[in-house]
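S.K.: Going by UniProt numbering, the letters in the sequence shown line up with residues 1 to 284, in that order.
Cβ coordinates follow ideal geometry from the N, Cα and C atoms, glycine included.
Here's a structure for you.
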Amino acid sequence: MRTNSGSIFNGAENVGVTLNDVFITIKTSKQFHDTRLRVILNTWFNQAREQTYIVTDDDDLELNIATNGHAINSGCGKTHELSDLSCKTGVEYDLYMKSGKKWWCHFDDDNYVNVGGLVDLLRQLDWRKDVYLGRRSKLTDFEGKFLGKTVYFVFATTGAGVCISKTLAEKMEPWAGAGKFLATSKALGHADDCTIGFIITNRLKVNLTVTNLFHSHMENLAKLDPTTLQKQVVFSHRTLNIINITSNLTNTKVFDLIADPTRFYSVHCLVHPESFFCKFANVP
Numbered sequence: 001m002r003t004n005s006g007s008i009f010n011g012a013e014n015v016g017v018t019l020n021d022v023f024i025t026i027k028t029s030k031q032f033h034d035t036r037l038r039v040i041l042n043t044w045f046n047q048a049r050e051q052t053y054i055v056t057d058d059d060d061l062e063l064n065i066a067t068n069g070h071a072i073n074s075g076c077g078k079t080h081e082l083s084d085l086s087c088k089t090g091v092e093y094d095l096y097m098k099s100g101k102k103w104w105c106h107f108d109d110d111n112y113v114n115v116g117g118l119v120d121l122l123r124q125l126d127w128r129k130d131v132y133l134g135r136r137s138k139l140t141d142f143e144g145k146f147l148g149k150t151v152y153f154v155f156a157t158t159g160a161g162v163c164i165s166k167t168l169a170e171k172m173e174p175w176a177g178a179g180k181f182l183a184t185s186k187a188l189g190h191a192d193d194c195t196i197g198f199i200i201t202n203r204l205k206v207n208l209t210v211t212n213l214f215h216s217h218m219e220n221l222a223k224l225d226p227t228t229l230q231k232q233v234v235f236s237h238r239t240l241n242i243i244n245i246t247s248n249l250t251n252t253k254v255f256d257l258i259a260d261p262t263r264f265y266s267v268h269c270l271v272h273p274e275s276f277f278c279k280f281a282n283v284p
């Protein structure tokens, strides 16, 4: 794969990216509206209410009221199968393309996003260049079949978050726009994050820009240095795989595991101690 045309950092200091230049989508399912999504709505969603849209698979009046109409029923199926996941991601892409924003960032419903840190990270990059930002879960090139031919590509796991510049997103259109993302995913025979990587690194020959500030549940989250948590951009959780945040390590009050099993409330109070619920943190 060739490198991007010119440095993706060239002139980045002159592009003036703000939160309003970022279009954020969260992919979820109705079954998680009252669990995973509730934690997001109570924490980092409030730092990016106007910029964040939730793509789900059913109508939910309460969710639409809570998000000021930013809950989108994709019309896709409710399973975790390839077709339903890629259907939703295709809807996310089409929503972004209508926005005209400089950046599209996708997150899953088990992610915590340090919104300020995300904007700071994007400011270091140039949206006018081809930028595919994320975190690899597989260190070797991925091999697959597309229309009967063997193909190789690199992909960023969407479980850690993925950001794509407007310039690159526009070039994805022949394989992703107006429902074509699902068709591409089916032809490839792999899930949505693989499909994004295939389109970008194989069809468009653009390299992945790796960031170590994005974290998925596919890594051992407890090994993250607690003293760096404020500087990280994306966290995840999965059952017992959670970040290690305790009061003696972060010098802040945290919630106990019963009140905060994902640790997202405790992280949010580390990043945004002014949040009203932080006064209820019960572990000194």
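Which one or two residues does DSSP pair with I242 in a beta bridge?
M.R.: According to DSSP, which records beta bridges pairwise, I242 is partnered with nothing at all.
S.K.: State the DSSP-derived secondary structure class of D60, mapped to helix, strand or coil.
M.R.: Looking at D60 - three-state DSSP - the assignment turns out to be coil, as it is neither helix nor strand.
S.K.: Does DSSP put D225 in a helix, in a strand, or in coil?
M.R.: Coil, per DSSP.
S.K.: What number of angstroms, rounded off, separates the C-alpha of Y93 from the C-alpha of K102?
M.R.: So the alpha carbons of these two residues sit roughly 13 Å apart.
S.K.: Under the three-state reduction of DSSP, which class applies to I258: helix, strand or coil?
M.R.: It is coil, neither helix nor strand.
S.K.: Looking at the structure shown, is R263 part of a helix, part of a strand, or coil, going by DSSP?
M.R.: It is coil, neither helix nor strand.
S.K.: I'd like to know whether the C-beta atoms of R135 and T167 end up nearer to each other than 8 Å.
M.R.: No, Cβ-Cβ distance for R135 and T167 is not below 8 Å.
S.K.: Assuming F153 and N202 form a contact by the criterion Cβ under 8 Å, report the distance between their Cβ atoms to the nearest whole angstrom.
M.R.: The Cβ separation is near 4 Å, so the contact holds.
S.K.: Less than 6 Å between C-beta atoms, sequence neighbours within five positions excluded: which residues of the same chain meet that for K88?
M.R.: Counting only Cβ-Cβ distances below 6 Å, and skipping sequence neighbours, we find K27, V55, S74, C76.
S.K.: Please list, in chain order, all residues of the same chain as D260 whose beta carbon is under 8 Å from its beta carbon, the five residues on each side excluded.
M.R.: The answer, listed in chain order, is V254, S266.
S.K.: Is the distance from the Cβ of A160 to the Cβ of S86 below 8 Å?
M.R.: In this structure, S86 does not lie closer than 8 Å to A160 by Cβ.
S.K.: Helix, strand or coil for R136, going by three-state DSSP, please let me know.
M.R.: R136: strand per DSSP, three-state reduction.
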